[in-house]
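K.L.:
Mind looking over this structure? Questions follow.
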Amino acid sequence: MIVEVEIIAGTTEIQLGQETAVALGKFDGIHIGHRRLLEEILSRKGRLAACVFTFDPPPAVLFGCSDGRELTTRQEKRLLFGRMGVDILVEFPMNTVTAATPPEAFARDILAGQMQARFLAAGTDLSFGARGAGDAAFLRKAGPELGFRVKTIEKVCLDGEEVSATLVRGKVEAGGMEAAARLLGMPYMIAGEVVRGRQVGRRLGFPTVNVLPGKDKLLPPNGVYFSQVRCGGKLYRAISNVGYKPTVTDERVMGVESYLYDFTGDLYGKQVEVYLRAFRRPERRFDSVEALRRQLEDDIAAGRDT
Numbered sequence: 001m002i003v004e005v006e007i008i009a010g011t012t013e014i015q016l017g018q019e020t021a022v023a024l025g026k027f028d029g030i031h032i033g034h035r036r037l038l039e040e041i042l043s044r045k046g047r048l049a050a051c052v053f054t055f056d057p058p059p060a061v062l063f064g065c066s067d068g069r070e071l072t073t074r075q076e077k078r079l080l081f082g083r084m085g086v087d088i089l090v091e092f093p094m095n096t097v098t099a100a101t102p103p104e105a106f107a108r109d110i111l112a113g114q115m116q117a118r119f120l121a122a123g124t125d126l127s128f129g130a131r132g133a134g135d136a137a138f139l140r141k142a143g144p145e146l147g148f149r150v151k152t153i154e155k156v157c158l159d160g161e162e163v164s165a166t167l168v169r170g171k172v173e174a175g176g177m178e179a180a181a182r183l184l185g186m187p188y189m190i191a192g193e194v195v196r197g198r199q200v201g202r203r204l205g206f207p208t209v210n211v212l213p214g215k216d217k218l219l220p221p222n223g224v225y226f227s228q229v230r231c232g233g234k235l236y237r238a239i240s241n242v243g244y245k246p247t248v249t250d251e252r253v254m255g256v257e258s259y260l261y262d263f264t265g266d267l268y269g270k271q272v273e274v275y276l277r278a279f280r281r282p283e284r285r286f287d288s289v290e291a292l293r294r295q296l297e298d299d300i301a302a303g304r305d306t
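Under our numbering, the very last position in the sequence shown is 306; numbers go up by exactly one each time.
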């Protein structure tokens, strides 16, 4: 069930009118480490509003340390936070002015003042304020005077490695979707609106739904993946192609095209979520559309057994 999240974006003037439990972070990927932070604030719902405070764009993008591609887009974060039960999501503007805010002013004026924070959950790698001088230790020291308590969440380790967005990113970029799912606590998701394609799949007898990810979405290697698609509150087993469909077009439009098992209907204009579960094969150009059709038959048959 998705609850209605109050979204505060594009402003530094935050007026909540209620006391909050706040999780601070970038939340790229919303991996199992992030989920520990979220559990802390969600466990305080009722007494305090569960609030996520993040930055938009992420600091790494502002300072040119990132290509802008995220594991979880703004739209996807909003959807997932709502599904988890978060009450309020603050997408705080990150620019040269706000980035230069002294940590003391950030804690006093924004967290304690505007956010009315009474509890904060933060990771050990938290940094904020001018030159990144603010961290969890600073908040713990400032908390008693400002009226909030801080809980620092240690890094989660899986198979001897610290779980991080960087680690998840490496798995996704290598096509290791099963490994990424373990780190995320769910299969890797691509959310978007279903658009009309060239309807080649329909002509071949395999009608598909097409989603065009934004340039800010990190995608795995081009290829075919065993997947699931959520639409209309229902989850369907599926098989998805990530890429350019080189056999049927020379247009370089990156898309995610999915065949849904046991589904009939029209999803054009609907919002769907594609979950990539496992890599099947690389994308390739076939000698003919008929050769592509035979390969699709093999792919779909294989997907029925997964």
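Using N, Cα and C, we set each Cβ at its ideal position, and we do this for glycine too.
So, at 7 angstroms on beta carbons, what are the nonlocal neighbours of Glu154 in its own chain, with the 5 sequence-adjacent residues on each side left out?
P.N.:
Excluding positions up to five away in sequence, the list reads Thr124.
K.L.:
Let's see if you can read the secondary structure: which residues bound the alpha helix (DSSP H) around Asp299?
P.N.:
Run containing Asp299: Val289 to Arg304, per the alpha helix (DSSP H) assignment.
K.L.:
Between Val52, Lys77 and Val22, which has its C-alpha nearest Asp28's C-alpha?
P.N.:
Ranking Val52, Lys77 and Val22 by Cα distance to Asp28 puts Lys77 first.
K.L.:
What distance in whole Å lies between the Cβ atoms of Ala99 and Pro59, which are believed to be in contact at a cut-off of 8 angstroms?
P.N.:
Indeed they touch by this definition, with Cβ atoms about 7 angstroms apart.
K.L.:
Assign Val90 to one of three DSSP states: helix, strand, or coil.
P.N.:
Three-state result, Val90: strand.
K.L.:
Does DSSP put Lys217 in a helix, in a strand, or in coil?
P.N.:
In this structure, Lys217 counts as strand in the three-state DSSP scheme.
K.L.:
Beta-carbon within less than 7 angstroms of Leu183's beta-carbon, same chain only, minus the 5 sequence neighbours each way: which residues are those?
P.N.:
Excluding sequence neighbours, Leu183 sits near His31, Ile32, Leu158, Val163, Leu167, Val168 and Lys171.
K.L.:
Rank Val86, Gly185, Gly197 and Asn210 by C-alpha distance to the C-alpha of Ala191 and give the top, closest one.
P.N.:
Closest option to Ala191, Cα to Cα, is Asn210.
K.L.:
Cutting at 7 angstroms between CB atoms, please list the residues of its own chain near Pro102, excluding the five before and the five after it.
P.N.:
Around Pro102: Gly129 and Ala130.
K.L.:
So Thr98 is in the alpha helix (DSSP H); what residue range does that whole segment cover?
P.N.:
Unbroken alpha helix (DSSP H) run through Thr98: Thr96 to Ala99.
K.L.:
Quick one: using the 10 Å Cβ neighbour count with 16 as the cut-off for buried, is Arg304 buried or exposed?
P.N.:
Exposed.
K.L.:
Can you pull the DSSP bridge partners for Glu162?
P.N.:
Answer is Cys157.
K.L.:
How close, in whole Å, do the beta carbons of Val318 and Glu273 come, if the pair is a contact with beta carbons under 8 angstroms?
P.N.:
Missing from the structure shown is residue 318; the chain here goes from 1 to 306 and no further.
K.L.:
Which of the three DSSP states is assigned to Phe55 in this structure?
P.N.:
Note: Phe55 maps to strand in three-state DSSP.
K.L.:
Three-state secondary structure (DSSP) at Met189?
P.N.:
In the structure shown, Met189 sits in a strand (DSSP, three-state: E or B).
K.L.:
Output the distance between the C-alpha atoms of Gly309 and Ala49, rounded to the nearest integer angstrom.
P.N.:
Residue numbering for the chain in the displayed model covers 1 to 306; residue 309 lies beyond these limits and cannot be assessed.
K.L.:
If I measure Cβ to Cβ from Glu173 and keep anything under 8 angstroms in the same chain, skipping five residues before and after, which residues do I get?
P.N.:
Excluding sequence neighbours, Glu173 sits near Leu218, Pro220 and Pro221.
K.L.:
May I ask which residues mark the beginning and end of the beta strand (DSSP E) holding Gln228?
P.N.:
Gly223 to Cys231 is the extent of the beta strand (DSSP E) around Gln228.
K.L.:
Per DSSP, which residues does Tyr259 bridge with? Please list them.
P.N.:
DSSP, once it has assigned bridges, lists Ile239 as partnering Tyr259.
K.L.:
Quick one: Cα of Gly160 to Cα of Val61, how far?
P.N.:
Taking the straight line from one Cα to the other gives about 29 angstroms.
K.L.:
Once the 5 residues before and after Leu260 are set aside, which same chain residues still bring their CB inside 6 angstroms of it?
P.N.:
Answer for Leu260: Val229, Tyr236 and Ala238, listed in chain order.
K.L.:
Going by Cα to Cα distance, which pick from Phe53, Gly134, Ala278 and Leu80 is closest to Phe92?
P.N.:
It is Phe53.
K.L.:
On a Cα-Cα basis, can you pick out the residue from Leu292, Arg280 and Leu71 that is closest to Met186?
P.N.:
The candidate whose alpha carbon is nearest that of Met186 is Leu71.
K.L.:
For Arg196, which residues from the same chain have a beta carbon less than 8 angstroms from its beta carbon, with the 5 sequence-adjacent residues on both sides left out?
P.N.:
Only Asn210 and Tyr268 meet the Cβ criterion.
K.L.:
Below 8 angstroms CB to CB, which residues in the same chain sit around Met115 once its five sequence neighbours on both sides are set aside?
P.N.:
Once the five neighbours on either side are set aside, the close Cβ partners of Met115 are Ile14, Leu16, Thr20, Val22, Cys51, Phe53 and Val90.
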